[in-house]
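Enquirer: I have a structure here, written as structure tokens, and I will follow up with some questions on it.
Here it is as structure tokens:
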């Protein structure tokens, strides 16, 4: 009864910490992914895509091997597992579990220790989930350390005396500080990337599909930090008002039936609105409303 | 202190699997329903309605008996309990727990069994929650089976060897396939329906209220799969762009202060946007934004 | 690596029952507050504010003492702890956990008791979380009662025979009725208030920041019960249609390319829409859509 | 690798409200049942039994039809579905979800209604999960009522005005009273029963297995309300002490090395201990200890 | 149908943090308390007791006022609310949420602050849930401080800079240390106490019931840290073995049929067993088993 | 105030899937471990031990490096990380999350595939959490495969077409079968092991402590599958009854005051009781009781 079209691409979608944010981003981009408890293949409302939910750590390997045509994974794990040079890195898609910032892998030590830079850890124990990148980092610094793989709760390793330093991921540094640790170096900046298998990328039909995916995901991602602002501006004040608006997209100005007024509509950073609105009101704008956007292309 | 107006209609709202989706649909339609843990009567912000949360299975009976004036229930249970001809079926309201598709009651058997059609189950055991409809279905086919009422987990009945076939509800068939079962016939298509007591339907005051409910629920339902798309179009390209837009609602075209450009706004299926946006950009549209809608009437 | 600007104000944000609603309101107003499980200071995306999550009951005291510059707390606890005259009450911000109504502290008794007014409780036991206000209330009425502090589940105290009456908070009265109690008097109306330390309020830099906060919070609050309604109106019907629209904000009327039609857009109470839409359609409006708003200033 | 012996009996174990209590009872009786999330057949550490977890409501039908050889189900559902005369009722196993008491199906009405006996409900609406037994009960009383099937939350039906009376199950009556209802008649007493298929019961190998099950389940059930009490008794006080002990099992009296003392050990109702211990101490018993029992046969 | 005997005492049982431990202790003592979600009065399987679940903070007041005859509450709240001299303190019942140790209210400050004793906090801010005791404590020390009531999360107050010191409860001090705080003084030792209304205590019938409760609760409490140890001892080694056993209760020595061996049984601290067992084995004891006890009187 | 004795050993306790079972086993062995939410070091009621909760995967490395003196970890991870030859393997402690069986790592393939033995997977993709052991296993078989690290949900990898075979852990094989997979080879048997750092093992004070730990853990582990059975036996039937009892420990036979009877007490496998009890009753035993044991040494 269900005779699905043959999909064009097999796509790896990251399961776990990025899962909810990814499904949400896809939804705003125009694709609904639904996971079933007893079913292995999530539904996606596009017959041209066969989606597969895997851990971000696994996607690079499967894309490199051609088991998947494309996927979204973290740059950190892509490099850690050595897949960065084995796949086509199509685009950076900078979002995260709860904000849309990049994250950083940093070297942190006990707040009250005397370590000030990587070199001070010569001969010491480092706990991390990124064993390989950590080894490469210290080798690059000419520092010899013992790296211990850490299965989570890495910050606690220093406090418990199991390690002298850790290499751990953070967005704002606040969890690291909350454990009484101090960051002394940045090891790597990471964010999700859209990758493709090298052969799939040469296949024009697959590539077009992957590019469509990229265009819409970027449009949805952009919309997340933007809002639409709409107001009625006195014709005489238009220039003053237009000057206040950030030049992100040029504002749309339309005549109203009452020629004394114009309608001005624009898209701005949501964080800028709180400073903009008092200014606009002072300049004579009225009926200012703000509404949310799904996509901005 | 709270002296409520006398309500015009008593309305049954389905509790259980449809509950969250129903309350959500009502909210977008303009009615907020709030359930209290220790209270029997949910609040609804309309003094003309007294809402009652009941199981979908029960609502048909209470509407038929006039205990409720109107209600939303599933067509399946309405028929199973024999209330379909005892009430006025006002309108179909096609939504579901997680999508807005109809569901189907299907006859399924073990994937590796030899059964290919209903007739092959002659003399066999069928487990189902819809005992009556199942009996009527097989009788209509001239097939004699033993029907066992199933209190949930019906798919497992075949795998456990308790039944030879099941009649079970499904949206996409994926849960059935995930249990290793195979669908061999469709027994019934079902979806929520708005029903009214026959007497209440003849009372113009009640009928007007029920029709208002229907209009707004349909408007909210429609909006769920639609989005607004807004863009600036070069005047010269307007016709090309208008031709791309689906003819659902005719697009609104407004002049801008800069006569080279026009503002185009339209409402489209959200699933069509991912194919539309690349085309619109190629045709010269700029500043394309998409935003969500509460209602489309 | 993170070198935060020196914040202008220290702000108390209520933790507990109002927490989710407050964080949500701030987000719509333009400030994202993120709480970390192991961290004491919530992130707020404004370097000019240092936020502190405290119980509403505590904020008044810390603002009065100048430990915090400003905060949002409930009027009830502000008065109960005697801080109402020790701080500057900047503005009422009328929202609540689940609706945006004020709440009332009421005197309630067993539904089947004979008590009809405060005076009937002379010499009786009253359980409440607001010990002081309750004592002041009864003293003001010249009634002598024994006040027992109640650590939650106050309604149950009457049913269990531990108290003869209670002074308890309620929005709709339905929880009180669900316990079989009857309200016989209103003791106090309460809602969140934005307060400032008296010295901080005299400091113009701090005051400007607090006023910006107030302006945007009010704008977000207002938007919650409003929606935008947009439609195409036949030019000939414009006046009829404009008359139907509530005069909240004057509607924006813009010409369309097709001179037979005008575009009409307005902001209305979301609860009014269900009655408005049938009227607008009858008057000839077409393509009516409703969408949500983040802010209305 | 796992080559299980052919089981002697297929056994239905009730899923749902009795499930945890049943698995617990089986464990104390000597059988560990482990349910796997993705697996249909629970593990049971006895190769002679194949266990099947079904709803209590379904087990009677499957045992009657010979799909299962034996099972544990409630007497209420056995009768409701008409299977009581189609199976062999091996033994009553009186336990429940949280106590080990029987439960009762009672007729309850609004506390403030005027109904005093079944007859007063002539022509009224009765909501219940036991449609058939309720119809038979009222027919037996010569009373004509409309029976509505209730999918749970039956007590609320009266409060909401959907029904005039309910037939509902209760252990202590407290939930019924907590909804403001009043019990006016007892319709049926129910408890779990061990049933067997009639043919299986004639097969001696199956019957022996079912009887072993019954012996051990009863032993475990008995132990639940019993404890062992052990003490040193002065030889001179032995008779006095023995007289105090309930004659459930005759106490075991053993000599000690110190001939002035005897060791006395007995099994008593756990609820009797609180009254017994003060008496035993007064009679000179020393070193009284109480310990729990798994089985008493 | 349920005609309960008139209870002899009304008993307050603490709800909240001690609730589960209390219900568990009562169960081992011989009373089963069952709480119903919609019911105010918990069931207790003793018709002579009417139980009432209240917050520990409230019980003292209700017992003092005679609303309850007896209750279990914490010594801390009894004193804080000033009820310690208004009730009869029957016995200390030293158990807690997770161990059976007393807890301590301590004065703690930031780990890296310079405060070393109470006096150093002169003029500072102290946050606590025990406002009154804290004021009395500092007054007793002749130190003037500002006491702020803290609604939970008190440790965080110091870290957030809202307070200079806290008075907070702790069992092991580990939560306080985990927040980076340092204990500088002990303000009070607390544990649950069984209290009685002064009049009720003079009523012999009530007093006897309260004393029975006390005897059995103490027996159950004692059993929690004790286990029974049973072994076969070579007759020749008996004295050596008896000397090893702690003299808590004198061990029970019984002859066996094989005169070379004696049976030795004793009750010991469970924490002592790990050191005892290697010694007993070296001394020739065989078949050593340990089992748990419900009560030791 | 808390001045802990210097601990003799630092002990790694496995966190995660074995955590609850381990803490439970330690408790029955005589050590209470309590974890605090904000604290890194779990409390253990033995001043001679400092416990550290780590993932089983990490413990081997820390014991090998001497950061910990001893620990409990799985044999599988000990070998996978290459630590098996770097530590002293003190004893096997065969328990698991839910039973006390060893687990096995097996090679499994799709149930309907044609693979029958390891060799059939030449050139195929194998997903596993034990990358290294899997590589060594296939190398030992002379089979060349691509090993992909799997972050959980390994069974799904075959069903999703991401891998041709998996090496996965299982106790009963039922989860593997439930995913439609078939086991074709056993790669490794695993269970928890108590390990010690090689230097620590040469330190007699540490070694004695580790051996005490081992003795008591084994005693508690043994007790889990055993129960005590106690009965009165007619003197004349003693030999018949003794012959029925498994010769695990020789039964304790004691005289009773009534010379016709003897008291018989023994320790037996709990799973044997269901077959033993009917036999004992037939042989004349009376007052048979079964009770649970904490330890059997």
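Protein chains in written order, with full-length UniProt numbering: chain E, 1 to 297; chain P, 1 to 297; chain V, 1 to 297; chain G, 1 to 297; chain Y, 1 to 297; chain F, 1 to 297.
Idealized CB from N, CA, C, for every residue including glycine.
None of the values given here were measured: they were computed from a predicted structure.
Give the DSSP-derived three-state secondary structure of residue 95 of chain V in the structure shown.
Expert: For the purposes of this step, residue 95 of chain V is taken as the residue at position 95 of the third chain. In this structure, residue 95 of chain V counts as coil in the three-state DSSP scheme.
Enquirer: Judging by CA-CA distance, which residue of P:172, P:293, P:132 is the nearest neighbour of residue 80 of chain P?
Expert: For the purposes of this step, residue 80 of chain P is taken as residue 80 along the second chain, with counting starting at 1. When only C-alpha atoms are compared, the closest one is P:132.
Enquirer: If you reduce the DSSP assignment to three classes, tell me which class residue 282 of chain G lands in.
Expert: Locating residue 282 of chain G in the fourth chain gives position 282, counting from the first residue. Residue state, collapsed to three classes: helix.
Enquirer: Would you please verify whether the beta carbon of residue 250 of chain Y is less than 7 Å from any beta carbon of chain F?
Expert: Taking the first residue of the fifth chain as 1, we reach residue 250 of chain Y at position 250. Answer no: the Cβ-Cβ gap between residue 250 of chain Y and chain F never drops below 7 Å.
Enquirer: Rounded to the nearest angstrom, what separates residue 271 of chain F and residue 289 of chain Y at their Cα positions?
Expert: Taking the first residue of the sixth chain as 1, we reach residue 271 of chain F at position 271. Taking the first residue of the fifth chain as 1, we reach residue 289 of chain Y at position 289. Their backbone Cα atoms lie some 19 Å apart in a straight line.
Enquirer: Taking Cβ-Cβ distances below 9 Å as the criterion, which residues of the region 143 to 171 of chain G are in contact with chain P?
Expert: For the region 143 to 171 of chain G, which is checked against every Cβ of chain P, the residues closer than 9 Å are 146, 148, 149, 150, 151, 152, 153, 156, 157, 159, 160, 161, 162, 163.
Enquirer: One question on the structure: do residue 92 of chain Y and residue 193 of chain Y come within less than 7 Å of each other, judged by their Cβ atoms?
Expert: Working through the fifth chain from its first residue, we reach residue 92 of chain Y at position 92. Working through the fifth chain from its first residue, we reach residue 193 of chain Y at position 193. Result yes, Cβ atoms of residue 92 of chain Y and residue 193 of chain Y sit closer than 7 Å.
Enquirer: Counting Cβ pairs closer than 8 Å, one from the region 132 to 142 of chain E and one from the region 203 to 213 of chain E, do we hit at least three?
Expert: As far as the Cβ criterion goes, the region 132 to 142 of chain E does not touch the region 203 to 213 of chain E, which means the pair count is below three.
Enquirer: Considering only their Cβ atoms, is the gap separating residue 184 of chain Y from residue 109 of chain Y smaller than 7 Å?
Expert: Here residue 109 of chain Y refers to the residue found at position 109 when the fifth chain is read from its first residue. Here residue 184 of chain Y refers to the residue found at position 184 when the fifth chain is read from its first residue. Yes. Within cutoff.
Enquirer: With a threshold of 7 Å between beta carbons, is residue 52 of chain E in contact with chain F?
Expert: In the first chain, counting from the first residue as 1, residue 52 of chain E sits at position 52. At least one chain F Cβ lies under 7 Å of residue 52 of chain E.
Enquirer: From the DSSP output, which residues share a beta bridge with residue 363 of chain F?
Expert: Nothing can be reported for residue 363 of chain F, as the shown portion of chain F is limited to 1 through 297.
Enquirer: So if I threshold CB-CB distances at 7 Å, which residues from the region 12 to 23 of chain P count as touching chain G?
Expert: From the region 12 to 23 of chain P, no residue has a Cβ closer than 7 Å to chain G.
Enquirer: Comparing the C-beta of residue 254 of chain V with each C-beta of chain E, is any distance below 7 Å?
Expert: Along the third chain, read from residue 1 onward, the residue named residue 254 of chain V stands at position 254. True, the Cβ-Cβ gap to chain E drops below 7 Å.
Enquirer: Between which residues of its own chain and residue 259 of chain E is the CB-CB distance below 8 Å, once the five residues before and five after are set aside?
Expert: To locate residue 259 of chain E, count along the first chain from 1; it is residue 259. Closer than 8 Å at Cβ, skipping near neighbours: 235.
Enquirer: For residue 227 of chain Y and residue 287 of chain F, what's the separation of their Cα atoms in angstroms?
Expert: By 1-based counting over the fifth chain, the position of residue 227 of chain Y is 227. By 1-based counting over the sixth chain, the position of residue 287 of chain F is 287. Looking at the two C-alpha atoms, the distance is approximately 24 Å.
Enquirer: Does the beta carbon of residue 57 of chain E sit closer than 7 Å to a beta carbon anywhere in chain F?
Expert: The residue you call residue 57 of chain E lines up with position 57 of the first chain. At least one chain F Cβ lies under 7 Å of residue 57 of chain E.
Enquirer: Let me know the secondary structure DSSP gives residue 198 of chain P once reduced to three states.
Expert: Mapped onto the second chain, residue 198 of chain P falls at position 198. The answer is helix: DSSP assigns residue 198 of chain P an H, G or I state.
Enquirer: Between the alpha carbons of residue 33 of chain V and residue 9 of chain V, how many angstroms are there, rounded?
Expert: What you label residue 33 of chain V is simply residue 33 of the third chain in a count that begins at 1. What you label residue 9 of chain V is simply residue 9 of the third chain in a count that begins at 1. Cα to Cα, the separation comes out at about 15 Å.
Enquirer: Could you tell me the distance, in whole angstroms, from the CA atom of residue 216 of chain G to the CA atom of residue 251 of chain Y?
Expert: Indexing the fourth chain from 1 puts residue 216 of chain G at position 216. Indexing the fifth chain from 1 puts residue 251 of chain Y at position 251. Answer to the nearest angstrom: the Cα atoms are 34 Å apart.
Enquirer: What alpha helix (DSSP H) runs, 4 residues minimum, are completely inside the region 53 to 84 of chain P?
Expert: The region 53 to 84 of chain P contains these whole alpha helix (DSSP H) runs: 56 to 64, 75 to 80.
Enquirer: Taking 7 Å as the limit between beta carbons, can you name the residues of its chain near residue 15 of chain P, skipping five residues before and five after?
Expert: The count along the second chain starts at 1 and reaches residue 15 of chain P at position 15. Cβ within range, chain order: 53, 54, 55.
Enquirer: If you measure beta-carbon to beta-carbon, which residues of the UniProt domain "Histidine biosynthesis HisG C-terminal" (223 to 295) of chain G are closer than 7 Å to chain Y?
Expert: Per Cβ criterion, the list reads 227, 232, 254, 255, 256, 257, 263, 270, 271, 273, 274, 277, 278, 281, 287, 288, 289, 290, 291, 292.
Enquirer: Whole-angstrom Cβ separation of residue 13 of chain G and residue 51 of chain G, contact assumed at under 8 Å?
Expert: Within the fourth chain, residue 13 of chain G is the residue found at index 13, counting from 1. Within the fourth chain, residue 51 of chain G is the residue found at index 51, counting from 1. Between residue 51 of chain G and residue 13 of chain G the Cβ distance is about 5 Å, and since that is below 8 Å, they are a contact.
Enquirer: If you measure beta-carbon to beta-carbon, which residues of the region 185 to 208 of chain E are closer than 8 Å to chain F?
Expert: Cβ contacts with chain F come from no residue of the region 185 to 208 of chain E.
Enquirer: Would you mind telling me which residues of chain E sit closer than 8 Å to residue 41 of chain F, beta carbon to beta carbon, in chain order?
Expert: The count along the sixth chain starts at 1 and reaches residue 41 of chain F at position 41. In chain order: 160.
Enquirer: Around the Cβ of residue 232 of chain P, are there at least 16 other Cβ atoms within 10 angstroms (buried) or fewer (exposed)?
Expert: Sequence index remark: in the second chain, residue 232 of chain P carries index 232 (1-based). Buried, by the Cβ-count rule.
Enquirer: Please report the distance separating the alpha-carbon of residue 303 of chain P from that of residue 24 of chain E.
Expert: Examination of residue 303 of chain P is not possible in this model, given that chain P is present from 1 through 297 alone.
Enquirer: Please return the same chain residues whose Cβ sits closer than 8 Å to the Cβ of residue 180 of chain Y, not counting the five positions on each side in sequence.
Expert: Counting from one through the fifth chain, the residue named residue 180 of chain Y turns up at place 180. The answer, listed in chain order, is 110, 111, 112, 159.
Enquirer: Indicate whether at least one CB of chain Y lies closer than 7 Å to the CB of residue 216 of chain F.
Expert: Residue numbering aside, residue 216 of chain F sits at position 216 when the sixth chain is read from its first letter. With 7 Å as the cut-off, residue 216 of chain F counts as an interface residue toward chain Y.
Enquirer: Determine the burial state of residue 190 of chain P: buried for a count of at least 16 other Cβ atoms within 10 Å of its Cβ, exposed for fewer.
Expert: As a first step, residue 190 of chain P is located in the second chain; it is residue number 190 there, counting from the start. By the 10 Å Cβ count, residue 190 of chain P comes out buried.
Enquirer: Which term fits residue 1 of chain Y, buried or exposed, when burial requires 16 or more other beta carbons within 10 angstroms of its beta carbon?
Expert: If you number the fifth chain from 1, residue 1 of chain Y lands on position 1. Any answer about residue 1 of chain Y is weak, because its pLDDT of 40 lies below 50 and its placement is not dependable; what the coordinates show is given next. Its Cβ having fewer than 16 others within 10 Å, residue 1 of chain Y is exposed.
Enquirer: Cα separation between residue 45 of chain F and residue 30 of chain F?
Expert: Taking the sixth chain and counting its residues from 1, the one referred to as residue 45 of chain F is at position 45. Taking the sixth chain and counting its residues from 1, the one referred to as residue 30 of chain F is at position 30. One C-alpha to the other measures close to 9 Å.
Enquirer: Can residue 36 of chain G and residue 17 of chain F be called in contact, C-beta distance under 7 Å?
Expert: Here residue 36 of chain G refers to the residue found at position 36 when the fourth chain is read from its first residue. Here residue 17 of chain F refers to the residue found at position 17 when the sixth chain is read from its first residue. No, they are not a contact pair.
Enquirer: Which first and last residues belong to the alpha helix (DSSP H) in which residue 225 of chain G is found?
Expert: Sequence index remark: in the fourth chain, residue 225 of chain G carries index 225 (1-based). Premise fails: residue 225 of chain G is in no alpha helix (DSSP H) and is neither H nor E.
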